[in-house]
Amino acid sequence: MSRFKSQPSEDQQTRRAIELRGAAEHNLKHLDIDIPLHQLTVICGVSGSGKTSLALDTLYAEGQRRYIESFSAYARQFLARLDKPKFDRLDHLPPTLAVTRSDRSRNNRSTVGTASDLLEPLRIVFSLIAKPYCIKCSKPIESYTVDRVAMRIEELPSRRAMLVFPIAWTSKSQLSELLFELQATGWIRLIVQGTTLELSDEKKRLASAFPKSGEAFVVIDRFRTSSSVDAALRQSIEQAFDRSPEQIAILVQCDPSDQESSDVWTVDGNKYQLHSFSSDLRCSECSLVVPPAEPRLFSFNSPIGACPDCTGFGETATLDMDKIVPDRSLSLRQGAIAPWRTPAYSHELDELIAIAPHFELPLDAPVDKLKKKDWDLIEHGSTKHRFGGLKGFFAWLERKKYKMHVRVFLTRWKSYRSCPTCSAQRLSQAALAYRHQSQSFFDWTEESIDGLVEKMHSIQTGLHGFATDRHEAISRGLGEVLSRLRYLQEVGLGYVTLSRTMHTLSGGEAQRVNLTNLLGSDLVDMLYVLDEPTVGLHPSDTQKVAASVKRLIDRGNTVVLIEHEPFLLHQADRVIEIGPGAGSHGGQVCFQGAPDELKQSDCLTAKYLYAPMAPTPKRSLQHGWLTLCGATGRNL
């Protein structure tokens, strides 16, 4: 009895099967097949028998074609035209999705996190709980509102204080405009070089007090700190932020018993402690500003979050001297510089040879014998002799990258290396400034799936430590993240990291990542076509894939597998064998029915499942051994 059966609805009962008649795509010989809806069907057969022609080139292709046909004529002109597969009739076909072994991405930007759609909810969670820290001094970065500044004032001891904001100027004319603006808006008191001045003072005295360029504080209010901030002071704080959102400050008079601090200012002979506040996320020590946290900030595919130097790749293409000078036993005259051997650019070598006597540059000695000054000439050239060297040569080529042959030529002499700006973390410095428990978002993606599940659970249990108004959003995001992480665990991928690029995965691993993307969606009444999802799996992991397939069916979907794994064949609701041979010898239905009926069949699959055929003995060949020592690639 199959474990995959689900209760059909009334609408499902009216159309219990996909009815395919006269399928003749590729080598299929006018097949008539019924595929039960909302159940598991496994298609098996020898390689080349027509399994893919039936499942992908007929069922999936027709489902996609019908989906595209549902668009308007205007929309269809932007989509690839799909030819109709060869068949007489195909009824009750749901919308189709497929996961094939060819879905493995070769794009360097595609990672396990992006392919499984896990990064998006993970970014949401991180943006809600992470705090910014200065990447220079490691101090927390905070932004202040009027209420937060008021709370900070209430925490201070009772002292005389002044509420101020800074101004700066670079010339006397700019200063005059600034003073006129301050007078017009009602500000009359300033602190310049430790002295309080009033704008109502004589112009001559004012002019002599201000340097040609410099900074000063504008005094907005003078008050005494207390345990409660009145409405008038709150209004003054609001006015200060309106005038200078980047920074306002409170100067609190020091007590002789206070410890010495670097933020002490002398005003009119009295010492004041400076407390700075900013409505921006600005470091009070380094003045580093970071943008507010949002999911896009932690995406290497977004210009907001990507490292500006490597544009989110984590690597930069740089000139490789080992490629430019591959054989250092050659001399310059013999063509040691490979790019200058080509007829198109040999004139560069001629120019170097022409100026060599002026610099006593050895032309016939091996280049590995050249001195540092010789290499400086080769690399940087000589302005006096109008020779650009290798740097000038490649800079000239970079300006001509709009030509295809130049781009191809440039790639021959470059190698990809870790981006020095982001250290291969792919994110901007602003994104890396945000941390949760000393970990950046990149550190999260470097965790294994199993480790990340534990981390999400610890955040879930410590939810009370975050702002109350964020609890619901964090809980919802954690639920989505944990759901998708569990899918990856269930298909045996608990050891991979979200930052791992898809092109480094095996075919089976990549297909299972794509499978979790389907499991994470909420689509129902779909036809899923999966091409050998157990490829590369240990038998112990096959049951995990079966459980994932069952989840798709329990949602009300139909699943068609191209598969040979005995466990899945036994678990299927229906088995279809295509054969008996490959190519023109295949394309026929050798068996179609329930797995229990397979025992009475004489098809090839039944013989291997229920009457194991003795394998043909192989003739041993003695050609010696290949020994591999010290292999350290990836996880070795």
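Everything in the sequence shown is counted per this note's numbering, starting at 29 for the first residue and increasing by one. Glycine included, each C-beta is placed from N, C-alpha and C at the ideal position.
- The segment 355 to 433 is shown to contain whole alpha helix (DSSP H) runs of 4 or more residues at 374 to 387, 400 to 408 and 417 to 426, in chain order.
- Separation of Asp62 and Leu48 (C-alpha to C-alpha, rounded to the nearest whole angstrom) is 6 Å.
- As for any alpha helix (DSSP H) of minimum length 4 sitting wholly inside the segment 481 to 536, the runs are 499 to 518, ordered along the chain.
- A distance below 8 Å between beta-carbons, with the five flanking residues on each side excluded, links Val563 to the following residues of its chain, in chain order: Arg129, Gly535, Gly536 and Gln539.
- Taking the CA atoms as reference points, Gly222 sits about 29 Å from Ser256.
- Within 10 angstroms of the beta-carbon of Lys79 lie 16 or more other beta-carbons, which makes it buried.
- Taking every protein chain shown into account, the CB of Thr69 has 16 or more other CB atoms within 10 angstroms, so this residue is buried.
- Taking the Cβ atoms as the reference, Val524 lies roughly 6 Å from Ile477, within the contact range of under 8 Å.
- Inter-residue distance for Arg356 and Gly73 is about 57 Å (C-alpha atoms, whole angstroms).
- If you draw a straight line from the Cα of Arg252 to the Cα of Val280, it comes to about 9 Å.
- Measuring C-alpha to C-alpha distances from Gly297 to each of Pro336, Leu110, Thr224 and Asp348 identifies Thr224 as the nearest.
- Pro336 counts as exposed, since fewer than 16 other C-beta atoms from the protein chains shown sit within 10 angstroms of its C-beta.
- When the alpha-carbon of Arg504 is set against those of Met484, Glu591 and Ser307, the nearest one is in Met484.
- Checking the DSSP bridge columns, you'll see Ala334 partnered with Leu455.
- The residues Ser304, in chain order, have a CB closer than 6 Å to that of Ser312 in the same chain once the five nearest residues on each side in sequence are set aside.
- Secondary structure of Ala461 (DSSP, three-state): coil.
- Here Ile157 is not near Val318, since their CB atoms are 8 Å or more apart.
- For the set Val552, Ser629, Thr124 and Leu206, the Cα lying nearest the Cα of Pro194 is the one of Leu206.
- For the set Ile265, Cys447 and Pro323, the Cα lying nearest the Cα of Ser307 is the one of Ile265.
- Per DSSP, Arg262 is one residue of the alpha helix (DSSP H) stretching across Ala259 to Arg271.
- Short of 6 Å from the beta carbon of Lys627, and not among the five residues preceding or following it, lie these beta carbons of its own chain, in chain order: Tyr638.
- Note on His613: under 16 other CB atoms within 10 angstroms of its CB, so exposed under the neighbour-count rule.
- By the neighbour-count criterion, in which a residue is buried when 16 or more other Cβ atoms sit within 10 angstroms of its Cβ, Cys657 is exposed.
- In the three-state reduction of the DSSP assignment, Trp215 falls in the coil class.
- The alpha carbon of Ser254 has as its nearest neighbour, out of Arg271, Ser186 and Gly242, the alpha carbon of Ser186.
- Here Cys314 is exposed: its Cβ has fewer than 16 other Cβ atoms, across all protein chains shown, within 10 Å.
- A straight line joining the alpha-carbon of Glu426 with that of Pro331 spans about 23 Å.
- Distance check between Tyr444 and each of Glu343, Asp550, Cys162 and Cys450 places Glu343 closest, using alpha-carbon atoms only.
- Within the segment 74 to 131, complete beta strand (DSSP E) segments of at least 3 residues are found at 117 to 119 and 124 to 127, given in chain order.
- Taking Ala108 as reference, the option from His66, Tyr95, Ala212 and Asp378 with the minimal CA-CA separation is Tyr95.
- Beta-bridge partners assigned by DSSP to Gln571: none are found.
- For Ile216, same chain residues with a beta-carbon under 7 Å away, outside a window of 5 residues either side, are Glu226, Leu227 and Ser228 in chain order.
- Between Ser327 and Arg151, the C-beta spacing is below 8 Å.
- By the neighbour-count criterion, in which 16 or more other beta carbons inside 10 Å mark a residue as buried, Ile381 falls on the exposed side.
- In the DSSP assignment, Ser304 falls within the unbroken beta strand (DSSP E) covering Asn298 to Phe305.
- When DSSP states are grouped into helix, strand and coil, Ile63 belongs to the strand group.
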